[in-house]
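For the sequence shown, the numbering used here gives the first residue as 26, with consecutive numbering after it.
Take a look at the structure below.
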Amino acid sequence: GVLSAVLGGALADRLTAVDPRARLWVPAAGSLLAVPLWVGACQAESFYGSIALLLGEYIVAECWFGPTIAALYTATPKEVQGTAQGLFTVLNAVGNVMPLAIGALHHDSPLRDVMAVTVSAAYAFSGLFFLLAAEHLPPAPAPPAAATEPAPASPARTEG
């Protein structure tokens, strides 16, 4: 998770210099790329295959943290950034309760199937919401128009 958070933040910072919406495109891409890796990890026949897919899933899926915090501070006025961070922390804590909810759904279905469906659905919705949020950010400013100076007039020739 730490590697993904740092790489996601660095990539988002680099791409945001080109287009501010990239700050949310990076976590959207990470969330959407995580879906097949997570399903593969849950359904893998071997332990090592599952671990390899899970490693890939963590590298792409956890890239959301840095860009999300940066977007939060960019989108909120300084006077309410502490409140915004507090609400973000509460929502993050709610998300941390999800393993209990997933366990409660595990009555008649194999746990790996329940986890594959619920977690991949959460990743898909997360990616969708990051994309929708990015649409509310202004696009990159247009590059300044090149100043065109009129060509110097050629001196008048006199024939004679």
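Built from N, CA and C at the ideal position, the CB exists for glycine as well.
In this text the structure is predicted, and so the values were computed from the model without any measurement.
| Item | Value |
| --- | --- |
| Taking DSSP as the reference, what is the three-state secondary structure of R46? | coil |
| Enumerate in chain order the residues of its own chain whose CB-to-CB distance from E87 is below 6 Å, with the five nearest sequence positions on each side excluded. | G26, S29 and A30 |
| Please check the pair A66 and L78, which I expect to be a contact at CB under 8 Å, by giving their CB distance rounded to whole angstroms. | 4 Å |
| Could you give the distance in angstroms between the alpha-carbon of G91 and the alpha-carbon of P124? | 23 Å |
| Taking all protein chains shown into account, decide if S71 is buried (16 or more other Cβ within 10 angstroms of its Cβ) or exposed. | exposed |
| Going by the beta-carbon positions, is the gap between V51 and G33 smaller than 8 Å? | yes |
| Between which two residues does the alpha helix (DSSP H) containing V122 stretch? | Per DSSP, V122 belongs to no alpha helix (DSSP H) and is neither H nor E. |
| Of the residues R39, N121 and P163, which one's Cα is nearest the Cα of V144? | N121 |
| Which term fits V115, buried or exposed, when burial requires 16 or more other beta carbons within 10 angstroms of its beta carbon? | exposed |
| Quick one: Cα of V43 to Cα of A165, how far? | 7 Å |
| In this structure, does DSSP put A158 in helix, strand or coil? | helix |
| Who are the Cβ neighbours of N117 in its own chain at under 8 Å, not counting the five residues just before and after it? | none |
| Tell me the residue span of the alpha helix (DSSP H) that contains D133. | Premise fails: D133 is in no alpha helix (DSSP H) and is neither H nor E. |
| What is the residue span of the alpha helix (DSSP H) that V105 lies within? | Where V105 is concerned, there is no enclosing alpha helix (DSSP H), given that its DSSP letter is neither H nor E. |
| Return the CA-CA distance between P102 and A126, expressed in angstroms with no decimal places. | 35 Å |
| Taking A159 as the reference, which of A35, Y83, A59 and A100 has the closest Cα? | A100 |
| Locate the alpha helix (DSSP H) running through S75, then write down its first and last residues. | F72 to A86 |
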